[in-house]
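Structure first, commentary second.
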Amino acid sequence: MNKEKRVGLARSALLNWHASHGRHDLLWRRFTDPYAVLVSEFMLQQTTVATVTPRFAEWMQTFPTVADLASATEEEVLTAWQGLGYYSRARRLHAAAKTITECHDAIIPSESESLLALPGIGDYTAAAVLAFAYDLHALVLDTNIIRVLSRWANLDTPIDIGKGKKLLMKIAESFYPRTGCRATASALMDLGATICTSGIPQCSLCPLQQTCLADKPEHLPRKAPRVVTLKQSELRVCFYQQERLYLELSQGPRWRGLWILPELGKAHAKGYRSTPLAEVTYPITRYRITMKIFETLDKPPTHLRGFSIDELNSIPIPSPHRKAIGAVAKRLFSIHNSGESPN
Ligand code: SF4
Numbered sequence: 103m104n105k106e107k108r109v110g111l112a113r114s115a116l117l118n119w120h121a122s123h124g125r126h127d128l129l130w131r132r133f134t135d136p137y138a139v140l141v142s143e144f145m146l147q148q149t150t151v152a153t154v155t156p157r158f159a160e161w162m163q164t165f166p167t168v169a170d171l172a173s174a175t176e177e178e179v180l181t182a183w184q185g186l187g188y189y190s191r192a193r194r195l196h197a198a199a200k201t202i203t204e205c206h207d208a209i210i211p212s213e214s215e216s217l218l219a220l221p222g223i224g225d226y227t228a229a230a231v232l233a234f235a236y237d238l239h240a241l242v243l244d245t246n247i248i249r250v251l252s253r254w255a256n257l258d259t260p261i262d263i264g265k266g267k268k269l270l271m272k273i274a275e276s277f278y279p280r281t282g283c284r285a286t287a288s289a290l291m292d293l294g295a296t297i298c299t300s301g302i303p304q305c306s307l308c309p310l311q312q313t314c315l316a317d318k319p320e321h322l323p324r325k326a327p328r329v330v331t332l333k334q335s336e337l338r339v340c341f342y343q344q345e346r347l348y349l350e351l352s353q354g355p356r357w358r359g360l361w362i363l364p365e366l367g368k369a370h371a372k373g374y375r376s377t378p379l380a381e382v383t384y385p386i387t388r389y390r391i392t393m394k395i396f397e398t399l400d401k402p403p404t405h406l407r408g409f410s411i412d413e414l415n416s417i418p419i420p421s422p423h424r425k426a427i428g429a430v431a432k433r434l435f436s437i438h439n440s441g442e443s444p445n
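Quick note on numbering: the sequence shown equals residues 103 to 445 in my numbering.
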């Protein structure tokens, strides 16, 4: 079978399958508005469909248009983003909305170059907007699609090195139609999410089975050996006084604009208990961080702000710190109820 015939057969089998087996109930698929596509693509970067679904609906009610988002404050945006993690995405989406409103008359661009010039938009998001919002030619390559295409072509080169990336682009270039990539991208994505899943795929149910070249699909796509995860620890301090928890407004690059537990060293807390009140671990890139939180009865430094328990629910706090605050609250409650004394 020649290459063109193989691609043609695969694509039509895929689209037929998708008509009756696609995930047409995904909330964002009901929106054709390019702004909604942009929001969903930002949210789905590094966050699961199950987590994004309710947050996307709330977001579209809070900021129904790109102009509404552009005119919101950073605090409003970060609060609405809570639970999705990786807050830099929220800041970039906010910045992109401002640029779109100011420089593109509040219309999401439909050319790759203009999209790539916006904050937070890389190759994948630009391609997704072109395909899903405007149904243009674009090589959409998310994790699911990469898995399907690399297996379908039996690509044995690691896809995270230069040569593998180039080969993958060639495969995608031949698979995607010249015009109108929305249906193909949605179908590949859904096939990867439901049939050609990571681990052992369900090839007997796959519409691409007749044209697929994979001999050991469970080993594909290949990746270069992983970098070892490094362990780190950080020490934080809990100033809880008169039923208020004192937090610091982060200025750092990771959590700028979010409220966090202050660092033990920077807070100059002296009278803190030597055993941590609570410990939580969380991953950041290739680090696994253990956060230890110590209680102190010192007066909180003036740059901290005290919040009641109710107020904590309505301010933006990154997930690891919210988890730590929950653990601290539980521990403080049990100490105060049992009459346990400090060390
Ligand atoms: S036949 Fe199997 S490996 Fe090939 S695309 Fe389908 S599910 Fe994936």
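Just so you know, even glycine gets a beta-carbon here, dropped at the ideal spot from N, CA and C.
These numbers come from a predicted model, not from an experiment.
Point to revise | Residue of 181, 112, 171 minimising C-alpha distance to residue 413 | key: Within the sequence shown, the letter at position 311 stands for residue 413. Residue 181 is the option with its Cα nearest to residue 413.
**Study point:** Burial state of residue 338 (16 or more Cβ within 10 Å)
**Key:** Residue 338 sits at position 236 when you count from the first residue of the sequence shown. Residue 338 is buried by the Cβ-count criterion.
Review point. Among residues of its own chain, excluding the 5 on either side of residue 108, which ones have a beta-carbon nearer than 8 Å to its beta-carbon?
Key: Counted from its first residue, the sequence shown places residue 108 at position 6. The residues are 313.
Point to revise | Residue range of the alpha helix (DSSP H) that includes residue 108 | key: To locate residue 108, count along the sequence shown from 1; it is residue 6. Its alpha helix (DSSP H) spans residues 105-123.
Exercise for review: Buried or exposed for residue 405, please, with buried defined as at least 16 other CB atoms from any protein chain shown within 10 angstroms of its CB.
Suggested key: Here residue 405 corresponds to residue number 303 of the sequence shown, with the count starting at 1. Exposed, since its Cβ has fewer than 16 Cβ neighbours within 10 Å.
Check your understanding: If we count the other Cβ atoms within 10 Å of its Cβ and call it buried at 16 or more, is residue 348 buried or exposed?
Key -> Position 246 of the sequence shown, counted from the first residue, corresponds to residue 348. With 16 or more Cβ atoms within 10 Å of its Cβ, residue 348 is classed as buried.
Review point. Do residue 316 and ligand 1 come close, with the Cβ less than 8 Å from some heavy atom?
Key: The residue you call residue 316 lines up with position 214 of the sequence shown. The answer is yes for residue 316.
Exercise for review: Tell me whether residue 184 is buried or exposed, calling it buried when 16 or more other Cβ atoms sit within 10 Å of its Cβ.
Suggested key: What you label residue 184 is simply residue 82 of the sequence shown in a count that begins at 1. By the neighbour-count rule (16 or more Cβ atoms within 10 Å), residue 184 is buried.
Exercise for review: Please determine if the region 293-302 and the region 115-126 are in contact, where contact requires at least 3 C-beta pairs separated by less than 8 Å.
Suggested key: yes
Practice item. Pair every Cβ in the region 410-424 with every Cβ in the region 352-361, then say whether three or more of these pairs are closer than 8 Å. Key: Taking a cut-off of 8 Å on C-beta distances, the region 410-424 touches the region 352-361, as three or more cross pairs fall below it.
Practice item. Specify whether the region 241-258 and the region 315-326 touch according to this definition: at least 3 beta carbon pairs, one from each stretch, less than 8 Å apart. Key: Contact between the region 241-258 and the region 315-326 is present: three or more C-beta pairs spanning the two stretches fall below 8 Å.
Practice item. List the DSSP bridge partners of residue 136. Key: Locating residue 136 in the sequence shown gives position 34, where the first residue counts as 1. DSSP, once it has assigned bridges, lists no residue as partnering residue 136.
Practice item. Using beta-carbon positions only, say whether residue 261 and residue 335 come within less than 9 Å of one another. Key: Residue 261 sits at position 159 when you count from the first residue of the sequence shown. Residue 335 sits at position 233 when you count from the first residue of the sequence shown. No, the Cβ-Cβ distance between residue 261 and residue 335 is not below 9 Å.
Exercise for review: Look at residue 120 and residue 285 and say whether their C-beta atoms are less than 9 Å apart.
Suggested key: Position 18 of the sequence shown holds residue 120. Position 183 of the sequence shown holds residue 285. Yes. Within cutoff.
**Study point:** When 116, 379, 281, 386 are compared against residue 426, the one with the closest alpha-carbon
**Key:** Locating residue 426 in the sequence shown gives position 324, counting from the first residue. The shortest Cα separation from residue 426 among 116, 379, 281, 386 belongs to 379.
Review point. Is there contact between the region 264-284 and the region 199-213, where contact requires at least three CB pairs shorter than 8 Å?
Key: no
Point to revise | N-terminal and C-terminal residue of the beta strand (DSSP E) that residue 282 is part of | key: Here residue 282 refers to the residue found at position 180 of the sequence shown. Careful: residue 282 lies outside any beta strand (DSSP E) and carries neither H nor E.
Exercise for review: Could you name the residues that DSSP lists as bridge partners for residue 335?
Suggested key: As a position in the sequence shown, residue 335 is number 233, starting the count at 1. Answer is 392.
Exercise for review: Taking only the alpha-carbon atoms, compute the straight-line gap between residue 139 and residue 151 and give it to the nearest angstrom.
Suggested key: In the sequence shown, the residue the question calls residue 139 occupies position 37. In the sequence shown, the residue the question calls residue 151 occupies position 49. Taking the straight line joining both Cα atoms gives about 14 Å.
**Study point:** The beta strand (DSSP E) enclosing residue 386, as first and last residue numbers
**Key:** Residue numbering aside, residue 386 sits at position 284 when the sequence shown is read from its first letter. Counting along the chain, the beta strand (DSSP E) containing residue 386 begins and ends at 380-386.
Exercise for review: Count the other CB atoms, across all protein chains shown, that sit within 10 Å of the CB of residue 220; report buried if there are 16 or more and exposed otherwise.
Suggested key: Position 118 of the sequence shown holds residue 220. Buried, since its Cβ has 16 or more Cβ neighbours within 10 Å.
Review point. Is residue 119 near ligand 1, in the sense that its beta carbon is under 8 Å from a heavy atom of that ligand?
Key: By one-based count along the sequence shown, residue 119 stands at place 17. No, since every heavy atom of ligand 1 falls outside the 8 Å radius drawn around the Cβ of residue 119.
**Study point:** Own chain partners of residue 256 with C-beta closer than 6 Å, once the 5 adjacent residues on each side are dropped
**Key:** Here residue 256 is taken as the residue at index 154 of the sequence shown, counted from 1. Cβ neighbours of residue 256 beyond the five flanking positions: 315, 316.
**Study point:** residue 350, enclosing alpha helix (DSSP H) - first and last residue
**Key:** Against the sequence shown, residue 350 aligns to sequence position 248. Premise fails: residue 350 lies in the beta strand (DSSP E), 346-351, not in any alpha helix (DSSP H).
Review point. For residue 343, which of helix, strand or coil comes out of DSSP?
Key: Numbered from 1 along the sequence shown, position 241 holds the residue referred to as residue 343. Residue 343 falls in the strand class under three-state DSSP.
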